[in-house]
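Engineer: First, the structure itself, so that you have it in front of you.
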Amino acid sequence: MSEVKRIATRESYGHALVELGKKHDNLIVFDADLAAATKTGIFKKEFPERHIDCGIAECNMTSMAAGLSTCGFVPFISSFAMFAAGRAFEQVRNSIGYPKLNVKIGATHAGISVGEDGATHQCNEDIALMRTIPGMTIINPSDDVEARAAVLAAYEHEGPVYLRFGRLAVPVINDNPDYKFELGKGVVLRDGSDITIIATGLEVSEALDAAEMLSKENISAQVINIHTIKPLDEELVLAAAKKTGRIFTVEEHSVIGGLGAAVSELLSEKYPVKITKIGMQDVFGESGPAKELLHKYKLDAEGIAEQIKEALK
Amino acid sequence: MENIELQKMAVNVRKGIVSSTHSAKAGHPGGSLSAAEIFTLLYFEEMNIDPKNPKDPDRDRFVLSKGHTAPGYYSALAYRGYFPVEDLLTLRHTGSYLQGHPDIKHIPGVDMSSGSLGQGFSAAVGMALAGKLSNKDYRVYALTGDGEIQEGQIWEAAMFAGHRKLDNLVVIVDNNNLQIDGAIGDICSPYPIDEKFRAFNFHVINVENGNDFDELRAAFKEARETKGMPTAIIAKTLKGKGVSYMENQVGWHGKAPNDEEYKIAMEELEKAGEALCQK
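Chains as they are written, first to last, in the working numbering: chain C, 1 to 313; chain F, 1 to 279.
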C-alpha cells in the first residue's frame, strides 16, 4: 500500500476554492488568522482581494459573512472545526441558520487526527452541533477527490452548508473516472452480505481496510460511504439494514450526535436492527501523532475490525 | 422632511409600539420608545430606500442589532409603507410574520434577522464590506443598545470595521442608560463609550439628545461626510420616552402595558399628537 497517494482534505479545500474563484466573481473567502492551516492561503495567493482575514474573531467572521451573503456574495468562512462549529455555534445558528443564508462553513482540523495539539483543538462534537440546526447541510468528505467535489457542490447549493475537513493526509480512494458526487447520496464502496459498515470522512478508507481484514475471517462486510450526513441518505441506510441486518457506524467524532446517532435515529424508527457505533466514546482526545491516536482510540482499520469482531461474538 | 412632520410620525411610531406590545401581552417597549426618533429619521429621511422595492441591491441597509426593540422598528416600517399598520397588532401572535425579533425571511423591509445581541452589528459590518467589495455606494446603519455593547462580539466587529476603514458604516448606540437588571453603569459599565469606539478607529459623534431630530440629523450628515473611517453615533436617549410612567423606568424594558396602562399611554400619545397638530 506504499503507493497510495495521500492528501489532507483541508488541502483539497484550498484548491477547490481557487477553482471556484476562477469561475465565480461573487465568491469571498473568510479566514480567522489560520489561512496557512485551513489552506485558504492557497486562495489568498490567487485572489488576495477576495480573501478576507478577520483576525482571531470567529464569531464576528460568522455573522459578518451572513450579512455579506445578503448582498449577493457567496462567502466561505474558514476556521478549525472547534471554533467554526463550537465557539461560533450560536452565530451559525442565529446569523446563518435561522435566516437560512447562503454561507458555507469550511471547517478544518476536525476530529482527533488533529494530533499533537490535543483535546482543546480536537473537535469531536461539530457534526452533532450542526445537525441540530434546521436546514443545515453537513458534508464530511472521505478524500481529496470527494472534498473538492463537495466544495463545488456546496457552492451550487443554495443555503447553509457545513463542510468538514481534516488535517491529516489521507489516502485518495475515489480517484476513478466514474466518480460522481451527489449531495445527499451515500455510496456503496464494497459489497458484502453479513454486516454493513457505514463510515464517513477519513474513516471510510479505514473501514474499507477493516472490511478487507474481516473478509479473511469470513465476515463479509458491505461498506457505505456517507459523505452527506445531513440530509442523510435514508433510502440507502434502510436498504443496508434490510440487506445485512447488522450495522456498524464509524466516524472520527463522538458517538453522541454524529453519524452513528443519525443512523440509529432513522433505523430505530423505521427498521430496527442492531447497531454498533464506533467513534469517540464520550471522551476527550489527547496529544499525540494522529496515526497513533487513531490507533489508540481504535479508529484505524485494525481497531475497527477488532471492535466489529468483538461485537459479533 | 419638516421636523414637525417627523415629530408627528414619531408619535405614530410610539402608538404602534404601545398598541403592538399591548396586543402581544409581551415585548420591549422601553428601548423601542427611546429609539423612536432614530427609527423615524432613518426611515423617513436619512436612508435611501423604497418600500415598493425592498430588495433593491443599491438600497441603504439597516440592521437592528438590538433586535428586541422590534416593536419600534416594525412600527416605523409599517408607517413607511412596507406592510399594513394594522398588522402591528399581530406582533408575537402565533402564525404572524411579525416575530418577536426581526426576521429577514418573512418581514418586508427587514435586512437581517437579529435579536441575539452583538450579531446584528457584525452582519451590518459584513454588508458594509460587501458594499466596498462591489464598489456600490449604499450606506449601512446599525442600531445597538448600550447594554448590548457589553457583548464581546461588538468589539470584534468594531475592530474589523475600523481596520477596514468602512466609511459606509454608521453604528448608532441607543444610550438610554438602562438594561434589564439596572443602570448600565451599575451592572457592568461600558462607559466611556465614545472613547472606546474612538480607540477602535471610529469617528465618534456624541448626540446629547438622541430624541431630537435636529441633533440626529446633524450627526447623520457628519457621518456621511466622514471619509476613511466608520462612524459611531452615541445618542443619549430617554428609555420609555413619550409614555410618562415608562420614562427612565428599568421595569419597562421588557414588559407589555396592561389594558389600563395601554389606555393611559394612548391618551398621552394622542394628546402629544394633537399638540403637534396645533403648532
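Glycine included, each C-beta is placed from N, C-alpha and C at the ideal position. All figures in this text were calculated on a predicted structure; none of them were measured in a lab.
1) Between Glu90 (chain C) and chain B, is there a C-beta pair that is closer than 8 Å?
2) Helix, strand or coil: which one does DSSP assign to Phe47 (chain C)?
3) Taking Tyr155 (chain C) as the query, report the chain F residues whose CB atoms sit under 7 Å from its CB, ordered along the chain.
4) Using a Cβ-Cβ cut-off of less than 9 Å, list which residues of the segment 100-129 of chain F approach chain C; keep chain order.
5) Is there a C-beta anywhere in chain F that falls below 8 Å from the one on Asn140 (chain C)?
6) Counting only runs of 3+ residues fully inside the segment 206-284 of chain C, write out the beta strand (DSSP E) ranges in chain order.
7) Give me the Cβ distance between Ile195 (chain C) and Ile308 (chain C), rounded to the nearest whole Å; I'm assuming they're in contact under 8 Å.
8) Since Tyr13 (chain C) is in the alpha helix (DSSP H), which residue starts that stretch and which ends it?
9) Across which residues does DSSP place Ser79 (chain C) in a beta bridge pair?
10) Nearer than 7 Å: is that true of the beta carbon of Phe62 (chain F) relative to any heavy atom of the ligand GDP?
11) Interface residues of chain C around Phe160 (chain F) at Cβ under 8 Å?
12) Counting only the same chain and skipping the five closest in sequence on each side, list residues whose C-beta sits under 8 Å from that of Glu274 (chain F).
13) Report, in whole angstroms, the separation of the C-beta atoms of Val63 (chain F) and Ala124 (chain F), which I expect to be a contact under 8 Å.
14) For Met1 (chain C), which residues of its own chain have a beta-carbon under 7 Å away from its beta-carbon, when the five flanking residues on both sides are left out?
15) Taking 8 Å as the cut-off, does the segment 164-184 of chain F touch the segment 62-76 of chain C (at least 3 CB pairs, one atom from each stretch)?
16) By DSSP's criteria, Asp53 (chain C) is part of a beta bridge. Which residues make up the other side?
17) Step through the CB atoms of chain F and report whether any lies within less than 8 Å of the CB of Met1 (chain C).
18) Between which residues of its own chain and Glu146 (chain C) is the CB-CB distance below 7 Å, once the five residues before and five after are set aside?
19) In its own chain, which residues sit with a C-beta less than 8 Å from the C-beta of His163 (chain F), not counting the 5 before and 5 after it?
20) Assuming Phe121 (chain F) is part of the alpha helix (DSSP H), what are its boundary residues?
21) For chain C, find out if any of its Cβ atoms is closer than 8 Å to the Cβ of Leu133 (chain F); answer yes or no.
22) Can you check whether the C-beta of Gly14 (chain C) is within less than 8 Å of a C-beta belonging to chain F?
23) Run through the DSSP bridge pairs and tell me what Cys123 (chain C) is partnered with.
24) One question on the structure: do Gly118 (chain C) and Arg167 (chain C) come within less than 8 Å of each other, judged by their Cβ atoms?
25) Give me the chain F residues within the contact set of Pro99 (chain C), using Cβ-Cβ distance strictly less than 8 Å, ordered along the chain.
Structural biologist: Reading it off the structure:
1) Absent here is chain B; the protein component of the structure consists of chains C and F.
2) coil
3) Correct list: empty, because the minimum Cβ distance to chain F is about 17 Å.
4) Asp103, Ile104, Lys105, Asp111, Met112, Ser113, Ser114, Gly115, Ser116, Gly118, Gln119, Gly120, Phe121, Ser122, Ala123, Ala124, Val125, Gly126, Met127, Ala128, Leu129
5) no
6) 221-225, 228-230, 246-254, 274-280
7) 7 Å
8) 9-23
9) C:Ala107
10) The ligand GDP is not part of the structure shown, which contains no ligands of any sort.
11) Cys54, Gly55, Ala57, Asn60, Met64
12) none
13) 4 Å
14) Residue confidence is low: Met1 (chain C) scores 47 on pLDDT, short of 50, so the model does not pin down where it sits. No coordinate-derived value is stated.
15) no
16) C:Asp31
17) Low confidence applies to Met1 (chain C): its pLDDT is 47, below 50, so where it sits in the model is not reliable, and the reading given next is rough at best. No, Met1 (chain C) lies away from the interface with chain F (no Cβ there is under 8 Å from its Cβ).
18) Asn174, Phe181, His227
19) Asn201
20) 119-133
21) yes
22) no
23) C:Ala110
24) no
25) Asp103, Ile104, Lys105, Met112, Ser113
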